[in-house]
Structure formats: structure tokens, C-alpha cells
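*Asks:* Input: one structure, supplied below.
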Amino acid sequence: MTDRKLGFVGLGRMGGPMSGRLIDAGYDLTVYDTNRSAVDAAVARGARAAGSPREVADAVPVVLTSLPTPDVVEKVALGPDGLGGGSVIEIMLDLSTTGPGTAKRVAEGLSGHGVQWVDSPVSGGVTGAEKGTLAVMTSCPRPVYERVEPIVSTFGRVFFVGEEPGLAQVVKLGNNMLAAAALVLSSEALAMGVKAGIDPQVMVDIINVSSGRNSATQDKFPRAILPGTFDFGFTTALSYKDVRLCVEEAEAMGVPMLGGALIRQFLAITKAKFGPDSDFTSVAKVVEEWAGVEIRSKSTG
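If you use the working numbering, the sequence shown corresponds to residues 1 to 301, in order.
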């Protein structure tokens, strides 16, 4: 079975480029977002506009969602004008980061409407969404996976995690906690180097061919911190939300997460100081202020 008519709800920083890739791949897309300009941009590329999530679910059998927070996902799925009440929808495929608890609740709620839930959180940022190089973590019953795999492969490399709702969310939360931890610890190490008089670009180059290399030194520092732009494209509020969910879910499972709790507090400080909409690379600004240095390459000022 090949689904060529799809729905997409949530056309933000990640949803916008992902929906665009589906349009470019020849899918017939019906879209909805509370931001009308985002809808207009999708329509300009060939999508059809809907007036609500339910209207999308009245039009197509498979609806993808890319939404910012767990409560928004629940509202879009199970609210009074949500996807669950649609007359045509068979599958809700969620690309958001919600945590396993929300995934299980929404899956159960949708099952009462005869709708199958699919976890499919992604990693790789806006650049990965634009280029189709995301890591796509998917959990759902195997027959459903076989149906949706051709769709999500449009976004990048797909990994089947298991059949239970929430399993892909566990992987995603763990990944995002590690990414934030790498950013915090790399900021501390590089602040120390700058304080000692080392050009941070030189130190980053050394780390990236040594055992300390990580996603922050390989990508976030060169792109957003060494130049001083702090525009990687992921907000502090979302990073804090992901790490908070990771720590809470781990604690509920009886898994100690002392390091994760520390990273959560570091992001809470960053969010309080620079605002929820600040780029999460602003973590480095906190370390810079405490250390009395700026982590900038001499070649970038």
C-alpha cells in the first residue's frame, strides 16, 4: 500500500522543511498550522490548506505532526477539533519530542477512535530537515512501520526501535540530553582554554581529531559560538523541555540521572537569563560570564 495523500500539522522550524521535502517528493499534502504565513508558504509550494487539525484528518489517511510541546501534541491529537475526530485518518505519525508518557497516553486515546499512533521523533536539526539527513526513530506495530517507512525515509535514515508506543521517544530524549551535556561541558573546557590564552578555534580543531570530539565541538561551536552568532536554530526552551522530560522519565523508571539533572539546571539558568526563545548555544554565554572570557576565534573577532 502506497499512501500518496498525506496531512501535515505543524509547519515550524522543523515541520516547514520536512513538509517541503514531502511536496518535492511528489506527495499530495494537506496542511495546517496556527501561523498563517507558514501555511501560505506551503500552499505556494503546492500544498492544500485546511482550517483545523480535524479538517486535515477528514481529508487524508496518514497525518504527520511536528509540534513544540507534549501538551500541544495531546491537544492536536485528542482535543475537540483534533485529529482523533477525523473521518478519514487511519494513522497519526508524530515527529515531535513528547516523551514516552505522552506517547502512551495519546496512543491509547487515539485507539478509541480507531486511529493508529506512530512515534517518529527526529534528530539532526533544521539543516538535517532541509537536506533530508535526519535520524528518524520510529516505534509502532511492524505492519504499520512497513506502511509509513517510505514516507519518513524522505527525511533521512530511519531506525525501527520497537513496536510499543513511546520507545522511540526514549531514544530521542537520551540523545538530546547527551547533546546538551556535550554543549555544557565543551563550553567549560573551551572557556578554560581561552582563559589560559589559547585560540578556541585551535583548541576545537585539536579536540575534533582527539578523544574529546563531540557534536558541540564538531558543529555547534564552529557554526554558532566561535563566530558569536548564537543562531544554531534550536531554542533554549525546547532543549530544557527535552532534558527535563528525559530526567523525569528516567526517574519514573528507577534509573538514576544525576548528570542529566545537572544539565537540566544549567539549561534552566540559561533560559532564565537569556529567555526561552534564545538559542540553546547561549549555554556558552553563561560559562563565558562566569569565567570572564569570550569563546571567540581570533579570526572571527
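Glycine included, C-beta positions come from ideal geometry on N, C-alpha and C. In this text the structure is predicted, and so the values were computed from the model without any measurement.
#1: Would you call the stretch 42-51 and the stretch 12-20 in contact, with 3 or more CB pairs under 8 angstroms?
#2: Please name the residue or residues paired with D279 in a DSSP beta bridge.
#3: Under 8 angstroms Cβ to Cβ from R4, same chain only, skipping five residues before and after it: list those, please.
#4: Does Y240 come out as helix, strand or coil in the three-state DSSP assignment?
#5: Pick helix, strand or coil for K298, following the three-state DSSP scheme.
#6: Out of E188, T97, L185, point me to the one whose CA is closest to V170's CA.
#7: If you reduce the DSSP assignment to three classes, tell me which class T138 lands in.
#8: If we require 3 or more residues per run, which beta strand (DSSP E) segments fall completely within the stretch 12-97?
#9: Tell me which residue opens and which closes the alpha helix (DSSP H) that Q169 is part of.
#10: Which term fits D242, buried or exposed, when burial requires 16 or more other beta carbons within 10 angstroms of its beta carbon?
#11: Select from L83, G128, S123, S187 the residue whose C-alpha is nearest the C-alpha of W290.
#12: Output the boundary residues of the alpha helix (DSSP H) element that contains R157.
#13: So, at 6 angstroms on beta carbons, what are the nonlocal neighbours of A103 in its own chain, with the 5 sequence-adjacent residues on each side left out?
#14: Does L6 come out as helix, strand or coil in the three-state DSSP assignment?
#15: Given 8 angstroms as the limit, is there contact between the stretch 170-180 and the stretch 239-255, that is, 3 or more CB pairs closer than that?
#16: Give me, in chain order, the residues of the same chain whose beta-carbon lies closer than 8 angstroms to that of D279; leave out the 5 immediate sequence neighbours on both sides.
#17: Expressed to the nearest angstrom, what Euclidean distance is found between the alpha-carbon atoms of V115 and D71?
#18: Counting only the same chain and skipping the five closest in sequence on each side, list residues whose C-beta sits under 6 angstroms from that of T281.
#19: Please classify I198 as buried or exposed, where buried requires at least 16 neighbouring CB atoms within 10 angstroms.
#20: What is the rounded straight-line gap between the Cα of A181 and the Cα of I263?
*Replies:* Judging by the given coordinates:
#1: yes
#2: Taking the first residue of the sequence shown as position 1, residue 279 is located at position 279. Beta-bridge pairing by DSSP links D279 to T235.
#3: Within the sequence shown, numbered from 1, the residue matching residue 4 stands at position 4. The residues are G26, Y27, D28.
#4: In the sequence shown, counting from the first residue as 1, residue 240 sits at position 240. Note: Y240 maps to helix in three-state DSSP.
#5: Translated into the one-based positions of the sequence shown, residue 298 becomes position 298. The answer is coil: DSSP assigns K298 none of H, G, I, E or B.
#6: As a position in the sequence shown, residue 170 is number 170, starting the count at 1. It is T97.
#7: Here residue 138 corresponds to residue number 138 of the sequence shown, with the count starting at 1. T138: strand per DSSP, three-state reduction.
#8: At a cut-off of 3 residues, the continuous stretches assigned as beta strand (DSSP E) that sit fully inside the stretch 12-97 are 28-32, 62-65, 91-94.
#9: Residue numbering aside, residue 169 sits at position 169 when the sequence shown is read from its first letter. Here the alpha helix (DSSP H) through Q169 covers 167-196.
#10: Within the sequence shown, the letter at position 242 stands for residue 242. Buried, by the Cβ-count rule.
#11: In the sequence shown, residue 290 corresponds to position 290, counting from 1. The shortest Cα separation from W290 among L83, G128, S123, S187 belongs to S187.
#12: Residue 157 sits at position 157 when you count from the first residue of the sequence shown. Taken as a continuous stretch (DSSP letters only), R157 belongs to no alpha helix (DSSP H), being part of the beta strand (DSSP E) at 156-162.
#13: As a working mapping, residue 103 is identified with position 103 in the sequence shown. Correct list, in chain order: D119, P165, G166, Q169.
#14: Residue mapping note: residue 6 aligns to position 6 of the sequence shown, counting from 1. Annotated three-state conformation of L6 is strand, per DSSP.
#15: Yes, since at least three Cβ pairs between the stretch 170-180 and the stretch 239-255 fall closer than 8 angstroms, the two stretches touch.
#16: Locating residue 279 in the sequence shown gives position 279, counting from the first residue. Closer than 8 angstroms at the Cβ level, and outside the excluded window around D279, lie A224, F230, D231, F232, G233, F234, T235, T236.
#17: Residue numbering aside, residue 115 sits at position 115 when the sequence shown is read from its first letter. Residue numbering aside, residue 71 sits at position 71 when the sequence shown is read from its first letter. Their Cα atoms are separated by approximately 19 angstroms.
#18: Mapped onto the sequence shown, residue 281 falls at position 281. For T281, where only same-chain residues beyond five positions count, the Cβ hits under 6 angstroms are K220, A224, I225, F230, F232.
#19: Numbered from 1 along the sequence shown, position 198 holds the residue referred to as residue 198. Answer is exposed; the Cβ neighbour count stays below 16.
#20: For the purposes of this step, residue 181 is taken as residue 181 along the sequence shown, with counting starting at 1. For the purposes of this step, residue 263 is taken as residue 263 along the sequence shown, with counting starting at 1. In a straight line, the C-alpha of A181 is about 6 angstroms away from that of I263.
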